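Engineer: Supplied in structure tokens, the structure appears directly below.
Residue numbers (the working numbering): 1355 to 1965.
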């Protein structure tokens, strides 16, 4: 796992002053080694966290023997050994034992078709001097981040947006703000920052090095699997899932586990511990509030498997202290309350490990949210909401659920568990248009369950993957997500709906598989999802409540976008009633305010290189 930046502009020379500054901006992503390249029209900066073949010979930028090709690459290719054997059979020689050289030589042999062979998480840029082009690619699910900035004939790519602050002033994107207010995540190519594109997963760009022209291509659409007619079985799903977990154990420096006590991370722990020759370290989070703590479930896993369990206590104060740093790491408001807890946990894990396996993606692949259990109800509520007379019914049960979807797509808005009306009143100008990225995805499918999966996988899943990458890399830690793997998804996507998503139960296939490895009391319990006591925490000025006070400041950045009277009213209402639902809304606003404040803390613009 690493970090890189790549700048292109015909005839321009990029100074070492700029490259050195960018190197510092990305240092946390790879403290083991660094390198850069600067030639006319091209600049590359790379930081390495060495996991496979840690030797110096595998450092980057890596250039081919003939000097025609150079690569900077972030990620892990789990099938690189089989690709390497194919290339060796074609007469290709290798100097290293890692995966970087496999991608480089794979491109030399297969061209851009190398993307059809790769299984794993990656983003990379390859310079092809022979053809006079550069290629930038991102893995099909977008596990590894890659951002693009385009200005005139300048094109820049980077693992994180902060490096672009060296050449232009960073500004929030109002369109992204609309989605952040509603969904806590701006989907599609919205990056949160004006003018910066978050590259779509499964896409690549081709840049002409002579004139700066750029073209976008799509090499993989993961949702195409949903339209396949052939079916698979639970046995095939089980085999593919176990193989994916085993593939993700590949490491020359060992690995550890994130263990929440939920079925997803517990199953990974069970499979990994069976394959490991030594006792694995498993890390979890404990809260003072017993209602939200899952320690007893982690103890069940520890009792059954030889792991060393390390629990990190998180309090209101430690959470509040880490919130600004978390937002700085993810370059946006937190998409989930667990982001801060994850930031603290990764900081702890990195003291002993470079690699950690996590359970992200299981809910989006196996149908783990409540909406998958009640999909029939949601589908009918959406249909009834389209009837012209529904708007005249009272806004209470049984009509409230139907009226929540008036003019809305239930496959999209069923993921929102709070009333949007207060937000709409505070920020009347910042709600998503009906033609958002999520709408375009949902409209591709007629089947309601396919719509649920497609929206979750193309929007919410990426928010989890990006937060996992940026938060873990803030502590120089590589996070792996065995459930988010294309070979596994190709099997799961073709499972019949009556098996994968029958209703009344969440992720039945995963639970069936997990019940062979874990106690039923763990597997079939109600999902927690790391709920946090925001109402209690916001009531304490020594903890999260300190940020509530900041919202009332005259120069609070959020006030530029809000109806300030309505914002003050909702703060006063919470202070009077300590309402849990209001606390969730205020927590979202606090996150956005802190993100807006963070723009003043970005890396300084180097004016002589401004574009």
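Backbone N, C-alpha and C define an ideal beta-carbon position, used for all residues, glycine too. As the structure is a prediction and not an experimental result, all values here were calculated from the model.
Could you have a look at residue 1570 and say whether DSSP puts it in helix, strand or coil?
Structural biologist: Residue 1570 falls in the strand class under three-state DSSP.
Engineer: Quick one: complete alpha helix (DSSP H) runs, 4+ long, within the region 1809–1874?
Structural biologist: Listed in chain order, they are 1815–1827, 1840–1846, 1851–1854, 1862–1868.
Engineer: According to DSSP, residue 1967 sits in a beta bridge with which residue or residues?
Structural biologist: No answer is possible for residue 1967: it lies beyond the span of the chain, which begins at 1355 and ends at 1965.
Engineer: From residue 1963 to residue 1520, what does the alpha carbon distance come to, in whole angstroms?
Structural biologist: Near 8 Å, if we compare the C-alpha coordinates of residue 1520 and residue 1963.
Engineer: Please name the residue, chosen from 1480, 1593, 1695, 1781, that lies closest to residue 1391 on a Cα-to-Cα basis.
Structural biologist: When each option's Cα is compared against that of residue 1391, the closest is 1480.
Engineer: Return the chain-ordered list of same chain residues with a C-beta closer than 8 Å to the C-beta of residue 1960, the five sequence neighbours on each side being excluded.
Structural biologist: Within the same chain, residue 1960 has close Cβ partners 1371, 1372, 1375, 1520, 1521.
Engineer: Please report the straight-line C-alpha distance between residue 1803 and residue 1472, rounded to a whole angstrom.
Structural biologist: Cα to Cα, the separation comes out at about 29 Å.
Engineer: According to DSSP, which residues form a beta bridge with residue 1410?
Structural biologist: Paired residues: none, contrary to the question.
Engineer: In whole angstroms, give me the CA-to-CA distance for residue 1762 and residue 1736.
Structural biologist: Going from the Cα of residue 1762 to the Cα of residue 1736 covers about 8 Å.
Engineer: To the nearest angstrom, report how far apart residue 1810 and residue 1957 are at their CA atoms.
Structural biologist: Rounded to whole angstroms, residue 1810 to residue 1957 spans 33 Å at the Cα level.
Engineer: Would residue 1418 pass as a contact of residue 1444 if the rule is Cβ separation under 8 Å?
Structural biologist: Cβ atoms of residue 1418 and residue 1444: not closer than 8 Å.
Engineer: Between the alpha carbons of residue 1523 and residue 1686, how many angstroms are there, rounded?
Structural biologist: Roughly 16 Å separates the two Cα atoms.
Engineer: Ignoring anything shorter than 3 residues or poking outside the region 1661–1744, list the beta strand (DSSP E) runs there in chain order.
Structural biologist: Entirely contained in the region 1661–1744, the beta strand (DSSP E) runs reaching 3 residues are, in chain order, 1661–1668, 1709–1711.
Engineer: With distances taken from CA atoms, which of 1781, 1505, 1679 is nearest residue 1535?
Structural biologist: For residue 1535, the nearest C-alpha among the options comes from 1781.
Engineer: If residue 1637 and residue 1612 are in contact, beta carbons under 8 Å, what's the gap, nearest whole angstrom?
Structural biologist: Yes, residue 1637 and residue 1612 are in contact; Cβ-Cβ is about 6 Å, under 8 Å.
Engineer: Excluding the 5 residues preceding and the 5 following residue 1944 in the sequence, name in chain order all residues of the same chain whose CB lies nearer than 6 Å to its CB.
Structural biologist: Only 1901 meet the Cβ criterion.
Engineer: Return the first residue and the last residue of the alpha helix (DSSP H) that residue 1390 is part of.
Structural biologist: Taken as a continuous stretch (DSSP letters only), residue 1390 belongs to no alpha helix (DSSP H), being part of the beta strand (DSSP E) at 1387–1393.
Engineer: To the nearest angstrom, how far is the alpha carbon of residue 1495 from that of residue 1812?
Structural biologist: When rounded, the distance between both Cα atoms is 8 Å.
Engineer: Using the rule of at least 16 other Cβ atoms within 10 Å of the residue's Cβ for burial, across every protein chain shown, is residue 1906 buried or exposed?
Structural biologist: That one is exposed.
Engineer: If we ignore side chains and look at the alpha-carbon of each, how far apart do residue 1555 and residue 1927 end up?
Structural biologist: The straight-line gap from Cα to Cα measures roughly 42 Å.
Engineer: Rounded to a whole number of angstroms, what is the C-alpha to C-alpha distance between residue 1872 and residue 1619?
Structural biologist: Those two C-alpha atoms are separated by around 11 Å.
Engineer: Across which residues does DSSP place residue 1787 in a beta bridge pair?
Structural biologist: For residue 1787, which the question treats as bridged, DSSP gives no partner whatsoever.
Engineer: Less than 8 Å between the C-beta atoms of residue 1726 and residue 1886, yes or no?
Structural biologist: Cβ atoms of residue 1726 and residue 1886: not closer than 8 Å.
Engineer: Starting from the C-beta of residue 1954, find all residues in its chain whose C-beta is less than 7 Å away, skip the five residues before and the five after it, and write them out in chain order.
Structural biologist: The answer is none, since no qualifying residue turns up.
Engineer: Beta-carbon separation of residue 1503 and residue 1550 under 8 Å?
Structural biologist: Yes, Cβ-Cβ distance for residue 1503 and residue 1550 is below 8 Å.
Engineer: Assuming the contact rule is C-beta atoms closer than 8 Å, residue 1360 and residue 1398 should be a hit. Round their C-beta distance to whole Å, please.
Structural biologist: Indeed, because the Cβ distance is near 5 Å, the residues count as touching under 8 Å.
Engineer: Does the distance from the C-beta atom of residue 1921 to that of residue 1497 stay below 8 Å?
Structural biologist: No, the Cβ-Cβ distance between residue 1921 and residue 1497 is not below 8 Å.
Engineer: From residue 1518 to residue 1533, what does the alpha carbon distance come to, in whole angstroms?
Structural biologist: The alpha-carbon atoms of residue 1518 and residue 1533 are separated by roughly 23 Å.
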